[in-house]
Amino acid sequence: MPQTKERNVPVNLRQSGDADVRMLIGTRVRKSPFWHKSVEHGVRAVTVYNHMYHPRLYFSEEQNALMGEYYYLTNHVTLWNVAVERQIMVKGPDAQDFVNRVVTRDMKKKMPVNKARYVILCDEHGGIINDPVLLRVAEDEYWFSISDSDLLLWFKGLNQGWNMDVELKEIDVSPVQVQGPKAQTMMRDIFGDALDGMKYYELKQTQMYGMDVVISRTGFSGEVGYEIYLRNADRDADRFWDTLVQAGEPHDLRVIAPGHIRRIEAGIMSYGQDMDVETNPFEVPLAWQFDPEKEDWYVGKDALHRIYRQGVARQLVGLVMGGPRITWYNSDFWTVRDGTDTTDVGYVTSAFYSPKMDCNIALAFVPNAYAEAGTQLHVDLPAEAGDVPAAVHRVPFYDPDKQLPRGSYPKVEAAE
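Residue numbers (UniProt numbering): 1 to 416.
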């Protein structure tokens, strides 16, 4: 099996397919403050993320399922329940120093109040522990809006040795995302001109009809969008959600799952799927998160400098692929083969049909020798699809040089 590197725990590359297994909804896995709203809107598929149920499909087959959701994301405006992005607060006199010890970039220079940053945190071997959005909401208070790993437990363990004067805890704040070309117009209906001119990764702390919120110009779609972080989420969840749905009605708003197709087109990685704790930032497109000039010590600094000097043997690359349209989440890490002798050389981490590219696209790990754009490969798709041709492609797949303004992409037709 083509692991592409030696790992402590190998990636399970067995091909078991999309088994017809029911997701058990119970009390062991948490339900977010918006979970019941997802149920009201007809959620059809879920996964587990940060120990919470995470919606992954709402639209029926008659509504064209995930492709139908994609249409509303790229043509109108959508509301996502992303409360699984838990907020881990670091607060106190030593908050800035603590943050700077766990993040690879220099946050003392680049992190004023009311600013957000996409960051990574690495372990002592340089493995990526989490890739959250970091928000600074006060001089002495930061929130890590985390991807799918137990960052709070790691923080608590570190501070047993550091003994820094900080409070570390998960807080009652839950975000949603408002994404799509009509997002700005919808948000203007709610907040007036208060958000006009907001730049990417800026924060606005305000109220929404008496509810305390933090708004950021961020998102997981590559489209125009916002994240709205609701304080006192357990108390205000119903009124908050219903207000957003009502405000979106004139703009054709739909409640959808996070835009999996669009995030692959935009080259946005998903933690646990495209990278994990045995992946370092030089193996995926995150080398820019390593600052060789950062003077302060941080966890993983020595390992990252060593890897930076020595290089890596594999890379996460984009692929364009043949075969029938992929219209559901890949349930396995599909095998990637050499384009000439069919030797197993790597594996696909994420894949879907791209309306913008009009072909199947994927992210995949391959050895460096196969990472150059245009390299011919094969991918072993499930069942009758079998072996299909593929080629390495630049990422992001669409508009990689960012010459088009957001929202100007060709429109995708709705399902009949």
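We put the beta carbon where it would ideally sit given N, CA and C, even for glycine.
Residue-chain proximity (residue i, chain D), Cβ-Cβ < 7 Å
i, result
"Pro-389", "Of the chains in the structure shown, none is chain D; there is only one protein chain."
Cβ neighbours of residue i in the same chain (closer than 6 Å, five flanking residues each side left out)
i, result
"Met-52", "Arg-30, Ser-32 and Val-84"
"Arg-254", "Tyr-72 and Thr-78"
"Phe-240", "Met-211 and Leu-230"
Rounded separation between residue i and residue j - CA only
i, j, result
"Arg-217", "Arg-117", "11 Å"
"Pro-324", "Ala-351", "12 Å"
"Pro-405", "Lys-301", "Annotation note: pLDDT 46 at Pro-405 (below 50); position unreliable, coordinate value reported separately. Their backbone Cα atoms lie some 37 Å apart in a straight line."
"Gly-219", "Leu-195", "16 Å"
"Ile-128", "Pro-281", "7 Å"
"Gln-310", "Leu-121", "20 Å"
"Gln-207", "Tyr-308", "45 Å"
"residue 418", "Asp-131", "Outside the shown range of the chain, which is 1 to 416, sits residue 418, and nothing can be said about it."
"Arg-101", "Leu-363", "31 Å"
"Met-198", "Glu-384", "49 Å"
"Glu-124", "Ala-233", "35 Å"
"Ala-390", "Asp-380", "10 Å"
Buried versus exposed, by CB contacts within 10 Å (16 or more), residue i
i, result
"Arg-242", "Here the sequence assigns Asp to residue 242, which means Arg is not the residue at that position. It is exposed - the Cβ of Asp-242 has fewer than 16 other Cβ atoms within 10 Å."
"Asp-18", "exposed"
"Trp-143", "buried"
"Trp-335", "The displayed chain sequence assigns Thr, not Trp, to residue 335. Buried, by the Cβ-count rule."
"Gln-87", "buried"
"Lys-411", "Only weak support is given to the placement of Lys-411: the predicted model assigns it a pLDDT of 36, under 50, and the question is left unresolved by the model."
"Ala-415", "Low confidence applies to Ala-415: its pLDDT is 34, below 50, so where it sits in the model is not reliable enough to give any reading."
"Tyr-209", "exposed"
"Ala-313", "exposed"
"His-393", "buried"
"Asn-360", "buried"
"Tyr-200", "exposed"
"Lys-37", "buried"
Cβ shell of residue i (< 8 Å), same chain only, five flanking positions each side left out
i, result
"residue 439", "This structure does not reach residue 439, given that the chain is present from 1 up to 416, and the question cannot be answered."
"Glu-223", "Leu-73, Thr-74, Gln-179, Gly-180, Pro-181, Ala-183, Gly-259, Arg-262, Arg-406 and Gly-407"
"Glu-413", "Note on Glu-413: pLDDT 37, under 50, position unreliable in the model; the coordinate value appears next. Within the same chain, Glu-413 has close Cβ partners Tyr-71."
"Asn-8", "Glu-278"
When the options are compared against residue i, the one with the closest alpha-carbon
i, options, result
"Lys-91", "Val-137, Pro-55, His-125 and Leu-57", "Val-137"
"Tyr-271", "Thr-349, Val-43 and Pro-389", "Thr-349"
"residue 423", "Glu-278, Val-320 and Asp-380", "Because the chain in this structure spans residues 1 to 416, residue 423 falls outside the shown range and cannot be described."
"Leu-151", "His-125, Asp-234, Pro-181 and Val-99", "Val-99"
"Val-214", "Gly-346, Ala-45 and Lys-115", "Lys-115"
"Ile-146", "Trp-154, Arg-337 and Gln-315", "Trp-154"
"Leu-134", "Ala-95, Ala-390 and Val-395", "Ala-95"
"Gly-161", "Ile-190, Asp-148 and Val-299", "Val-299"
"Glu-293", "Asn-8, Ile-256, Thr-4 and Asp-106", "Asp-106"
"Arg-28", "Asn-50, Gln-205 and Asn-163", "Asn-50"
"Ile-332", "Thr-4, Pro-2 and Asn-12", "This sequence places Asp at residue 332; Ile is not what is there. If we check each option's Cα against that of Asp-332, Asn-12 comes out closest."
"Val-82", "Val-245, Ile-228 and Ala-247", "Ile-228"
"Met-269", "Trp-297, Leu-24, Glu-202 and Phe-365", "Phe-365"
Residues near residue i in its chain [Cβ-Cβ closer than 7 Å; skip 5 each side]
i, result
"Gly-42", "Tyr-58"
Runs of 3 residues minimum, wholly inside the region 126 to 180: which ones carry the beta strand (DSSP E) assignment?
128 to 130, 133 to 138, 141 to 145, 167 to 170 and 173 to 179
Alpha helix (DSSP H) runs wholly inside the region 14 to 44, at least 4 long, in chain order
35 to 40
Report the start-end ranges of each beta strand (DSSP E) in the region 303 to 370 that is 3 residues or longer and not cut off at the edges.
314 to 321, 335 to 338, 344 to 354 and 359 to 367
Start-end ranges of the beta strand (DSSP E) lying completely within the region 81 to 124, minimum 3 residues
87 to 91 and 115 to 118
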